[in-house]
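Top line first, the protein sequences correspond to chains A and B.
Add 28 to the 1-based position in the first sequence for our numbering, that's all there is to it.
Take the second sequence: its position 48, counted from the start at 1, is 44 in our numbering, and no numbers get skipped.
Here a beta-carbon is modelled for each residue, glycine too, at the ideal position from N, C-alpha and C.
No experiment lies behind these values; they were computed from the predicted model shown.
Quick notes on the structure that follows.
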Amino acid sequence: DIQMTQSPSSLSASVGDRVTITCRASQSISSYLNWYQQKPGKAPKLLIYAASSLQSGVPSRFSGSGSGTDFTLTISSLQPEDFATYYCQQSYSTSMYTFGQGTKLEIK
Amino acid sequence: EVQLVESGGGLVKPGGSLRLSCAASGFTFSSYSMNWVRQAPGKGLEWVSSISSSSSYIYYADSVKGRFTISRDNAKNSLYLQMNSLRAEDTAVYYCARGVTMIVVVIIDAFDIWGQGTMVTVSS
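So this is what it looks like as structure tokens:
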């Protein structure tokens, strides 16, 4: 099974900050990596697919990069509505999708 | 409006059964793979099961294999999860999610539409 590890598990930041979240796969997954945002009590929302492609309607301050085993999600200038938990997901093995454990982004 | 609405959650005793449903609307249900993802209280997301558009391909997480059965009825625009031999560790919010295939540098599957979730509590 492919394991996904995110870091950090939690992060405090201020509005306007640039923030980076990292996701590492236990084996190479090429660019088969998606990012989701989840706010408390709500369903997850797809932000980025294929490591760096922005889902329709997602603000351009969100960006993704990486390939192989190491990936990053960057928010260029944090907005109040961005405080949420972020999850990466590998889609390399479609018979066993795996999510990272999540990164909770909190207001400093 | 594209929408997924789950139902069927509730309180069940260990060893019991429950059947979840997910009603789809606003899109051609039969053209998409579908998935179940769960989230235990205060925990992260866990993929549970996937089914292809024509039910030809079905996959389960090891944690539910042999106990849960995913199915769909394309004529009724509905997805189901039959859960048997339930355990306390199955307690979670269960989401259904649409699988979409994106073609960019790679051909990748992602979960682009999610329901609001239905709570399943396994407790005596």
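Checklist entry - What whole-angstrom Cβ distance do A/PHE99 and A/CYS116 have, given they're in contact under 8 Å? => result 6 Å
Next on the checklist: B/THR65 and B/TYR201 - do their beta-carbons sit closer together than 8 Å?
Outcome noted: Because residue 201 of chain B is not part of the residues shown, which for chain B are -3 to 120, the question remains open.
Checklist entry - What is the residue span of the beta strand (DSSP E) that A/LYS132 lies within? => result 131 to 135
Checklist entry - If we call anything under 8 Å between Cβ atoms a contact, is A/GLN55 one with A/ILE30? => result Yes, these two residues count as a Cβ contact at 8 Å.
Checklist entry - With a cut-off of 8 Å, do at least 3 Cβ pairs link the segment 33 to 52 of chain B to the segment 4 to 13 of chain B? => result no
Checklist entry - Given that A/SER58 touches chain B, what residues does it touch there, using C-beta distances under 8 Å? => result VAL102
Next on the checklist: Does any residue of chain B have a CB that is nearer than 8 Å to the CB of A/PHE127?
Outcome noted: yes
Item to check | Contacting positions in the segment 69 to 81 of chain A - beta carbon closer than 7 Å to chain C | outcome: This model lacks chain C altogether, as its protein chains are A and B.
Checklist entry - How is B/GLU85 classed by DSSP in three states: helix, strand or coil? => result helix
Checklist entry - Is the CB of A/THR122 under 8 Å away from at least one CB in chain B? => result yes
Item to check | CA nearest to the CA of A/ILE49, picked from A/GLY94, A/SER88 and A/SER58 | outcome: A/GLY94
Next on the checklist: Quick check on DSSP: helix, strand or coil for A/PHE111?
Outcome noted: A/PHE111 falls in the coil class under three-state DSSP.
Checklist entry - With B/ARG14 and B/MET98 assumed to form a contact (beta carbons below 8 Å), what rounded beta-carbon distance in angstroms separates them? => result Checking the sequence, you will find Leu at residue 14 of chain B rather than Arg. Contact doesn't hold; Cβ gap of about 33 Å is too wide.
Item to check | Classification of A/SER119 by the beta-carbon crowding that lies within 10 angstroms, buried from 16 upward | outcome: Under this definition A/SER119 is a buried residue.
Item to check | Identity of the residue in B/LYS39, B/VAL118 and B/ASP105 nearest B/SER29 by Cα | outcome: B/ASP105
Checklist entry - Exposed or buried, what is A/GLY130 when buried is set at 16 or more other beta-carbons lying within 10 Å of its beta-carbon? => result buried
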